[in-house]
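Residue numbering for the sequence shown follows my numbering, beginning at 183 and increasing consecutively.
Below you'll find the structure, written out as C-alpha cells, and then a few comments.
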Amino acid sequence: MTASLTHRDRAVLRAVAAGRCEISGTALLVDGLCCADQFIGTRLTSAGLISDVPGPAALTSAGHAALDGSAQVAA
Numbered sequence: 183m184t185a186s187l188t189h190r191d192r193a194v195l196r197a198v199a200a201g202r203c204e205i206s207g208t209a210l211l212v213d214g215l216c217c218a219d220q221f222i223g224t225r226l227t228s229a230g231l232i233s234d235v236p237g238p239a240a241l242t243s244a245g246h247a248a249l250d251g252s253a254q255v256a257a
C-alpha cells in the first residue's frame, strides 16, 4: 500500500534539504526546535526519505525523488 506525501511531509523534506533540520535521538529538530508533529521524523526515516543518523538530517535519494515530483511512500 502506498500513500502520497502530505503538505507537512513535503515542507519538512524541504527544510531538511535546506539544512535546517537535525536528528537528536528520535526527535526531529527544525531550526533547533522540536517539530510539533512528534512522529514526522520517525515516519520519514521509516519511509526511507531522510537518514536516521544522529546529527544534521539529510535526504536520501528517495527523499530527493519525492521532492522532485511523483514519488509515493510506502505506508
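Virtual Cβ for every residue (Gly too), placed ideally from N, Cα, C.
The model shown is predicted, which means the values in this text are computed figures rather than measured ones.
Simplified DSSP assignment, three categories, for residue i
i: D250; result: helix
i: L211; result: strand
i: G245; result: helix
i: G223; result: helix
Distance between residue j and residue i (C-alpha atoms, nearest Å)
i: T224; j: R196; result: 16 Å
i: T188; j: A244; result: 16 Å
Own chain residues within Cβ distance below 7 Å of residue i, not counting five before or after
i: A209; result: C216 and G223
i: T242; result: G230, L231, I232 and S233
CB of residue i within 9 Å of CB of residue j, strictly
i: V198; j: A240; result: yes
i: V235; j: V212; result: no
Beta-bridge partners of residue i, as assigned by DSSP
i: C203; result: V212
i: P236; result: In DSSP, P236 forms no bridge with anything.
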